[in-house]
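Right, one structure below, let's go through it.
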Amino acid sequence: MANSSDLTAAELDKMDDDRLREELDKAKTELFNLRFAQAAGATENVGRIRTVRRDIARIYTIARERELNIRTAPTTSK
């Protein structure tokens with residue numbers, strides 16, 4: 053069974069910068085916990101590590117594209 057990502061680029065593109073940072077922090081925490089569990093020999097789903105790493109890379113890519121004005125952050129209308 054393939055590990056599907058929780059976060060797609062389209063979903064991340066709809067998030068504002070603060071929400072993107074929150075997702076990055078959450079993904080980094082999950083990766084830390086997965087690595088810790090793997091070192092302890094308690095992890096069952098080692099493929100999830102790869103998925104989370106790719107999610108983190110995806111978040112960094114979108115943040116960098118916004119920084120370079122390649123991609124624009126969504127506007128919130130109030």
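Numbers in our numbering are just positions in the sequence shown, counted from 1, shifted up by 52.
Note that beta-carbon positions come from the ideal geometry of N, C-alpha and C, so glycine has one too.
These figures come from a predicted structure and were not determined experimentally.
Coarse secondary structure for residue i, derived from DSSP in three states
i	result
residue 110	helix
residue 68	coil
Pairwise C-alpha distance: residue j and residue i
i	j	result
residue 99	residue 118	29 Å
residue 64	residue 102	18 Å
residue 86	residue 95	7 Å
residue 120	residue 111	14 Å
residue 70	residue 114	13 Å
residue 60	residue 84	21 Å
residue 109	residue 93	26 Å
Beta-carbon contacts of residue i that lie in its chain and below 7 Å, excluding the five residues immediately before and after
i	result
residue 104	79, 82, 83, 86
task = May I have a chain-ordered list of the alpha helix (DSSP H) segments no shorter than 4 residues that lie completely inside the stretch 73-126?
result = 99-119
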